[in-house]
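A.B. asks:
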Amino acid sequence: MSAATKAIEAGHIWTFPGGIHPPERKELSNQTSIAPLPLAKDYYLPLKQHSGAPGELLVQVGDQVKAGQALTQIGANNGLPVHAPTSGTITAIGPGIIAHPSGLADTVITITADGNDEHIALEPLADYTQISRADLLERIKDAGIAGLGGAGFPTAQKLALQRPLDYLIINGVECEPYISADDRLMREHAQTIIDGTEILLHIAGCKKALIAIEANKPEAIAAFEGLLDKHPQLALRVVPVKYPSGGEKQLIQLLTGRQVPSRGLPIDVGLVMQNVGTAFAVAQAVLQGKPLIERVVTVTGENVEKPGNYWVRLGTPVAYLLEQCGFKPEPDQRVIMGGPMMGFTLADLSVPVVKITNCILVPSSQELAPAQDEMACIRCGACADVCPAQLLPQQLQWLAKAKDYDGLDQQNLFDCIECGACAYVCPSEIPLVHYYRKAKAEVRNIAREKAKAEVARERFEARQERLEREKQERLERHRKAAEARKKAQAEAVAQGGDNPQDAVQAAIARAKARKAAQAAAAQQQNKEGDDA
Amino acid sequence: MTFKIAASPHAHQRRTTQQVMRWVYLALIPGVLVQTYFFGFGVYVQLALALLTAWVAEGLAMRLRGRPVAHAWQDHTAIVTAVLLAISIPALAPWWIIVMGTAFAIIVVKHVYGGVGQNLFNPAMAGYVLLLISFPVQMTSWPIPNELAQLQVSISDTVSLIFSGFTQAGYNLEQLRMGADGITMATPLDSLRNDLNHQLTLGEALSKPIFDDFAGIGWAWVNIAFLLGGLVLIKQKIISWHIPGGMLVGLLVPAAIYWLFNPDQAITPMLHALSGATMLGAFFIATDPVTAATSNKGRWVFGLLVGFLVFVIRTWGGYPDAVAFAVLLANMTVPVIDKYTQPIAYGHGGRS
Numbered sequence: 001m002s003a004a005t006k007a008i009e010a011g012h013i014w015t016f017p018g019g020i021h022p023p024e025r026k027e028l029s030n031q032t033s034i035a036p037l038p039l040a041k042d043y044y045l046p047l048k049q050h051s052g053a054p055g056e057l058l059v060q061v062g063d064q065v066k067a068g069q070a071l072t073q074i075g076a077n078n079g080l081p082v083h084a085p086t087s088g089t090i091t092a093i094g095p096g097i098i099a100h101p102s103g104l105a106d107t108v109i110t111i112t113a114d115g116n117d118e119h120i121a122l123e124p125l126a127d128y129t130q131i132s133r134a135d136l137l138e139r140i141k142d143a144g145i146a147g148l149g150g151a152g153f154p155t156a157q158k159l160a161l162q163r164p165l166d167y168l169i170i171n172g173v174e175c176e177p178y179i180s181a182d183d184r185l186m187r188e189h190a191q192t193i194i195d196g197t198e199i200l201l202h203i204a205g206c207k208k209a210l211i212a213i214e215a216n217k218p219e220a221i222a223a224f225e226g227l228l229d230k231h232p233q234l235a236l237r238v239v240p241v242k243y244p245s246g247g248e249k250q251l252i253q254l255l256t257g258r259q260v261p262s263r264g265l266p267i268d269v270g271l272v273m274q275n276v277g278t279a280f281a282v283a284q285a286v287l288q289g290k291p292l293i294e295r296v297v298t299v300t301g302e303n304v305e306k307p308g309n310y311w312v313r314l315g316t317p318v319a320y321l322l323e324q325c326g327f328k329p330e331p332d333q334r335v336i337m338g339g340p341m342m343g344f345t346l347a348d349l350s351v352p353v354v355k356i357t358n359c360i361l362v363p364s365s366q367e368l369a370p371a372q373d374e375m376a377c378i379r380c381g382a383c384a385d386v387c388p389a390q391l392l393p394q395q396l397q398w399l400a401k402a403k404d405y406d407g408l409d410q411q412n413l414f415d416c417i418e419c420g421a422c423a424y425v426c427p428s429e430i431p432l433v434h435y436y437r438k439a440k441a442e443v444r445n446i447a448r449e450k451a452k453a454e455v456a457r458e459r460f461e462a463r464q465e466r467l468e469r470e471k472q473e474r475l476e477r478h479r480k481a482a483e484a485r486k487k488a489q490a491e492a493v494a495q496g497g498d499n500p501q502d503a504v505q506a507a508i509a510r511a512k513a514r515k516a517a518q519a520a521a522a523q524q525q526n527k528e529g530d531d532a
Numbered sequence: 001m002t003f004k005i006a007a008s009p010h011a012h013q014r015r016t017t018q019q020v021m022r023w024v025y026l027a028l029i030p031g032v033l034v035q036t037y038f039f040g041f042g043v044y045v046q047l048a049l050a051l052l053t054a055w056v057a058e059g060l061a062m063r064l065r066g067r068p069v070a071h072a073w074q075d076h077t078a079i080v081t082a083v084l085l086a087i088s089i090p091a092l093a094p095w096w097i098i099v100m101g102t103a104f105a106i107i108v109v110k111h112v113y114g115g116v117g118q119n120l121f122n123p124a125m126a127g128y129v130l131l132l133i134s135f136p137v138q139m140t141s142w143p144i145p146n147e148l149a150q151l152q153v154s155i156s157d158t159v160s161l162i163f164s165g166f167t168q169a170g171y172n173l174e175q176l177r178m179g180a181d182g183i184t185m186a187t188p189l190d191s192l193r194n195d196l197n198h199q200l201t202l203g204e205a206l207s208k209p210i211f212d213d214f215a216g217i218g219w220a221w222v223n224i225a226f227l228l229g230g231l232v233l234i235k236q237k238i239i240s241w242h243i244p245g246g247m248l249v250g251l252l253v254p255a256a257i258y259w260l261f262n263p264d265q266a267i268t269p270m271l272h273a274l275s276g277a278t279m280l281g282a283f284f285i286a287t288d289p290v291t292a293a294t295s296n297k298g299r300w301v302f303g304l305l306v307g308f309l310v311f312v313i314r315t316w317g318g319y320p321d322a323v324a325f326a327v328l329l330a331n332m333t334v335p336v337i338d339k340y341t342q343p344i345a346y347g348h349g350g351r352s
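Below is the structure:
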């Protein structure tokens with residue numbers, strides 16, 4: 001065992017550069033147990049709630065569905081199914097606003113609940129160790145499980161990568177202020193999370209899992225400490241409170257001292273990471289056959305009367321969720337999906353809760369004052385001090401404003417994890433992350449345009465080549481035809497036929513004779529003239 | 001009902017540029033008080049003139065540039081420039097010195113380059129250097145520390161001196177600067193440098209009354225007061241320790257080595273540390289974020305360079321103190337320092 005591995009085994013916690021300590025404000029929502037939410041009237045289910053392609057539709061308008069019934073099936077290209085969150089009728093399938101910063105519309109299935117909440121029959125699994133790895137992955141995929149931490153990467157796909165693994169990391173850090181969904185889940189369902197972790201270990205073919213929790217969640221830590229004696233494969237790691245410790249790359253650095261290579265994956269350094277919520281969902285899917293139709297959502301902020309955590313069916317409109325929690329909007333209210341650091345604002349509250357929705361935050365303007373006017377950068381470097389990726393945010397900002405894409409590449413724009421620490425500390429209130437997102441989008445656009453141009457160029461060149469080839473072929477054909485003609489003629493002459501050449505020669509001779517005659521006549525005339 | 005759209009992060013640490021600047025000039029207060037104690041009320045007159053000039057110059061420049069004037073007044077950067085320049089010049093210098101220096105610093109050094117955050121050079125130090133090379137006499141005529149002075153200068157005399165060049169009794173600055181021995185009083189670094197150049201030993205040079213205190217009367221205490229303010233800034237995370245640390249190491253290590261090899265002909269490290277503008281430079285001037293390097297490694301290199309340049313100029317250069325020149329020279333190298341001290345980004349082969 002190498003020294004580094006020994007240190008990991010011994011529970012050494014490394015550190016990562018930068019980071020910030022924003023006010024945590026978790027006590028607002030973490031005081032009460034996770035409560036169920038009464039059924040809503042309508043549910044909106046976007047086909048695509050994960051990273052990858054949407055699944056393929058299995059239902060049509062007018063169909064009756066039961067809770068847990070698959071509405072789409074795994075399509076091409078990482079597709080994941082979505083399931084009916086409750087029983088009811090499909091009343092529409094069409095474009096609807098989805099939970100995305102752009103506020104763009106995408107295909108959404110609308111289910112009008114019948115209020116009976118009938119579920120399909122579940123197929124629990126007695127002993128998952130008797131099932132093949134491929135079948136388990138299929139089960140997880142069929143349950144529609146995507147990473148519940150925020151990025152929504154299809155879980156089965158992550159686990160399907162076959163490379164030697166040192167550790168499975170279960171991420172229960174939840175470092176973003178305000179959010180306590182994972183915290184409450186860990187406190188109340190530690191055993192299920194452990195079961196899910198065991199299943200994930202089994203599938204990944206990995207020996208050991210590290211469960212990471214931030215030090216500000218003593219109850220969650222205690223919940224696991226009490227249970228881990230029976231699970232020698234699992235080890236608890238308490239990480240110090242600092243944002244963004246829960247970022248995948250930062251947590252890997254904290255627990256193992258390793259760095260995921262730029263544009264690489266954790267699996268490149270022998271690690272795979274899953275969120276605690278994902279582990280919970282995997283346990284439910286494998287052990288009980290439950291597809292992913294609900295998740296814990298933190299509803300918090302001073303403008304809601306009953307902040308807390310709720311079991312929310314996917315597809316529940318945010319408006320309904322907030323209404324149930326006593327939402328009192330103020331003028332210019334911001335409704336944030338996600339936390340105050342990385343969440344995005346919603347323009348329209350008909351947007352539904354989806355697989356990646358961990359928090360709905362409705363702050364008062366006192367607790368999270370709206371951004372002020374952007375002032376000039378004074379190069380103070382505070383942003384660089386807090387950047388966990390060791391980038392130079394202010395250089396990136398200058399370069400982004402100047403649209404210097406080569407410079408941005410040199411400064412590793414794409415290694416920015418958009419954690420927002422730089423913008424948080426900026427005394428000039430420059431929306432730094434916003435500039436990076438824009439620049440990234442522009443760079444991607446340019447790459448796309450370039451790719452398109454490349455395809456067009458190739459097509460053009462191929463056409464030119466074809467035309468040239470056709471021309472050559474045509475010339476060759478003509479040449480061959482001419483040769484054949486000549487040959488046929490020669491053959492005809494040899495066989496005693498008329499030689500067309502003779503006719504030509506005769507014609508030339510005739511023409512010459514005529515010219516000579518004309519010349520002689522002219523001479524004759526000139527002579528007569530002289531005589532006269 | 002539609003709701004407000006905003007870009008993440010939605011939380012901000014509310015420490016604005018204005019607050020940062022306010023901390024800087026508040027941290028200068030101990031130094032200013034000590035300076036006043038030793039060199040008289042002229043410091044306040046210079047401060048008042050500098051602030052007024054800065055306010056007018058900032059407004060004028062913003063107006064000419066067609067920018068919102070209030071914006072510039074709000075960020076308090078001009079105040080810091082004005083204060084730094086006012087306490088860098090001799091307390092009894094004629095009024096037009098500080099007015100010219102401040103106006104140049106704000107209008108030319110700052111706004112011609114594009115205003116806050118865009119200037120290549122530290123405005124206060126560029127203003128200082130303009131004055132030093134244009135008006136060397138006025139700029140090196142420091143008043144005698146009060147305890148050595150033959151004549152005490154009253155407030156009305158101070159004002160009269162600054163505006164007319166004479167006290168109400170008719171003395172000019174030169175007459176006031178005569179010591180008990182009838183020789184014009186120089187600052188400790190100035191005096192030491194002249195004496196060492198005239199082949200006196202360090203011991204002989206230090207026998208002058210101005211060195212009665214441990215590092216020059218007045219000057220040592222002024223430096224300690226600035227050091228104190230600087231430590232407050234580090235504690236408040238307004239500045240990082242890298243630049244002041246680098247500058248002191250860059251100055252004191254070579255100075256100590258040189259002095260050990262040359263004990264009779266070199267300025268002692270203590271005098272280097274506590275005389276002239278050392279502490280003011282280390283904590284308040286070289287740390288100007290706009291014109292210094294930005295990464296911690298870069299700041300360290302920048303600080304070392306400033307310190308080393310101060311040592312070189314004080315030891316072999318043509319000027320007794322060198323902080324302004326050192327800072328400006330180091331400002332020029334910032335792009336290069338920044339380029340070569342770029343931290344290795346996560347995932348690019350660095351170690352944690």
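Going line by line, the protein sequences match chains B and L. Just so we're aligned, residue 1 is where the first sequence starts under UniProt numbering, counting upward by one. Just so we're aligned, residue 1 is where the second sequence starts under UniProt numbering, counting upward by one. All residues carry an ideal CB built from backbone N, CA and C; glycine is no exception. Remember, predicted model here, so these are calculated numbers, not experimental data.
1. Name, please, each residue of chain B whose Cβ falls closer than 8 Å to the Cβ of L:I313.
2. Name, please, each residue of chain L whose Cβ falls closer than 7 Å to the Cβ of B:Q333.
3. Can you tell me whether B:P427 is buried or exposed, with buried defined as 16 or more other CB within 10 angstroms of its CB?
4. Is the separation between the beta-carbon of B:Q130 and that of B:K355 shorter than 8 Å?
5. Between L:G245 and the rest of its own chain, which residues show a CB-CB distance below 8 Å, the 5 nearest in sequence each way excluded?
6. Consult DSSP for L:V83 and reduce its assignment to one of helix, strand or coil.
7. Note down the Cα distance separating L:L206 from L:P254, rounded to an integer number of angstroms.
8. Out of B:L265, B:A517, B:A146, point me to the one whose CA is closest to B:T278's CA.
9. May I ask you to verify whether the segment 214 to 225 of chain L touches the segment 276 to 291 of chain L, counting CB pairs closer than 8 Å and requiring at least 3?
10. Cα separation between B:R457 and B:H100?
11. Count the other CB atoms, across all protein chains shown, that sit within 10 Å of the CB of B:V433; report buried if there are 16 or more and exposed otherwise.
12. Below 8 Å between beta carbons: does that hold for B:I20 and B:A400?
13. Taking the beta strand (DSSP E) that B:N275 belongs to, which residues open and close that run?
14. Measuring CB to CB, does L:V312 end up less than 8 Å from L:T158?
15. Considering Cα atoms alone, identify which of B:D42, B:S132, B:R139 is closest to B:T89.
16. Could you check what DSSP says for B:L265 in three-state terms: helix, strand or coil?
17. Residues of chain L with CB closer than 7 Å to the CB of B:G420, please, in chain order.
18. Helix, strand or coil for L:S352 per DSSP?
19. Would you identify the three-state DSSP class for residue 542 of chain B, choosing helix, strand or coil?
20. Between L:S352 and the rest of its own chain, which residues show a CB-CB distance below 8 Å, the 5 nearest in sequence each way excluded?
21. Is the segment 205 to 212 of chain B touching the segment 164 to 178 of chain B in the sense that three or more CB pairs, one from each, lie closer than 8 Å?
22. Grab me the residues of B:Q333's own chain with a C-beta within less than 7 Å of its C-beta, minus the 5 sequence neighbours each way, in chain order.
23. Just to confirm my understanding: we take L:K237, look at its own chain, exclude 5 residues before and 5 after, and list those with CB closer than 7 Å. What are they?
24. Could you give the C-beta distance for residue 535 of chain B and B:G144, rounded to a whole number, given that I count them as a contact under 8 Å?
25. Name the chain L residues whose beta carbon is nearer than 8 Å to that of B:K249?
26. Taking only three categories from DSSP, how would you classify L:A277?
27. What residue from L:R22, L:P143, L:L120, L:S240 has the CA that sits closest to L:I210's CA?
28. Report yes or no: is there a C-beta of chain B within less than 8 Å of the C-beta of L:V290?
29. Based on Cα-Cα distance, which residue from L:V32, L:L26, L:G218 lies nearest to L:T187?
30. Since I believe L:G127 is in contact with L:G101 (beta carbons under 8 Å), could you give me their beta-carbon distance rounded to a whole number of angstroms?
31. Mapping DSSP to helix, strand and coil, what is B:T357?
32. Could you tell me the distance, in whole angstroms, from the CA atom of L:D264 to the CA atom of B:G407?
33. Look at B:A384 and B:P393 and say whether their C-beta atoms are less than 8 Å apart.
34. Thinking C-beta only, is L:L148 closer than 8 Å to L:L161?
35. For L:R193, which residues in chain B fall below 9 Å Cβ to Cβ?
36. Name the one or two DSSP bridge partners that B:T300 has.
C.D. replies: In short, the structure shows the following:
1. Among the residues of chain B, none has a CB under 8 Å from the CB of L:I313; the nearest is roughly 26 Å distant.
2. Listed by position along chain L, the residues whose Cβ is nearer than 7 Å to that of B:Q333 are F3, K4.
3. Counting every other CB atom within 10 Å of its CB across the protein chains shown gives B:P427 a total of 16 or more, marking it as buried.
4. No; because the gap between Cβ atoms is not below 8 Å, this pair is not in contact.
5. So the qualifying residues of the chain are W300, G303.
6. Of the three classes helix, strand and coil, the one that applies to L:V83 here is helix, per DSSP.
7. Taking the straight line from one Cα to the other gives about 21 Å.
8. Selected option, being the one with the closest Cα: B:A146.
9. A contact is defined here as three or more CB-CB pairs under 8 Å, and the segment 214 to 225 of chain L meets this definition with respect to the segment 276 to 291 of chain L.
10. Straight-line spacing of the CA atoms in B:R457 and B:H100 works out to 35 Å.
11. B:V433 is classed as buried because its beta carbon has at least 16 other beta carbons within 10 Å across all chains shown.
12. Not a contact, by the Cβ cut-off of 8 Å.
13. Counting along the chain, the beta strand (DSSP E) containing B:N275 begins and ends at 271 to 275.
14. It is not a contact, given that the beta carbons lie outside the stated cut-off.
15. Minimum Cα distance to B:T89 is reached at B:D42.
16. Residue state, collapsed to three classes: coil.
17. The answer, in chain order, is S8, P9.
18. A caution first: L:S352 carries a pLDDT of 46, below 50, which makes its placement in the model unreliable, though a value can still be read off. DSSP places L:S352 in coil when its eight states are reduced to three.
19. Since the displayed chain B opens at 1 and closes at 532, residue 542 of chain B lies outside it and no answer follows.
20. Since pLDDT at L:S352 reaches only 46, below the 50 mark, its modelled position is unreliable, and no value is offered.
21. Taking a contact to require three or more Cβ pairs closer than 8 Å, the segment 164 to 178 of chain B and the segment 205 to 212 of chain B qualify as touching.
22. Cβ neighbours of B:Q333 beyond the five flanking positions: N303, V362.
23. Excluding positions up to five away in sequence, the list is empty.
24. As shown, chain B starts at 1 and ends at 532. That puts residue 535 of chain B outside it, with no answer to give.
25. One finds Y346, G347 in chain L with Cβ atoms closer than 8 Å to the Cβ of B:K249, taken in chain order.
26. Coil.
27. Taking each of L:R22, L:P143, L:L120, L:S240 in turn and checking the Cα distance to L:I210, the smallest one comes out for L:P143.
28. At least one C-beta of chain B is nearer than 8 Å to the C-beta of L:V290.
29. From the listed residues L:V32, L:L26, L:G218, the smallest Cα separation to L:T187 is found for L:G218.
30. Confirmed, about 4 Å.
31. Reduced to three states, the DSSP call for B:T357 is coil.
32. So the alpha carbons of these two residues sit roughly 53 Å apart.
33. A Cβ-Cβ contact shorter than 8 Å links B:A384 with B:P393.
34. Going by C-beta atoms, L:L161 is not nearer than 8 Å to L:L148.
35. Per Cβ cutoff of 9 Å: no residues; L:R193 is ~35 Å from chain B at best.
36. BP columns for B:T300 point to B:L361.
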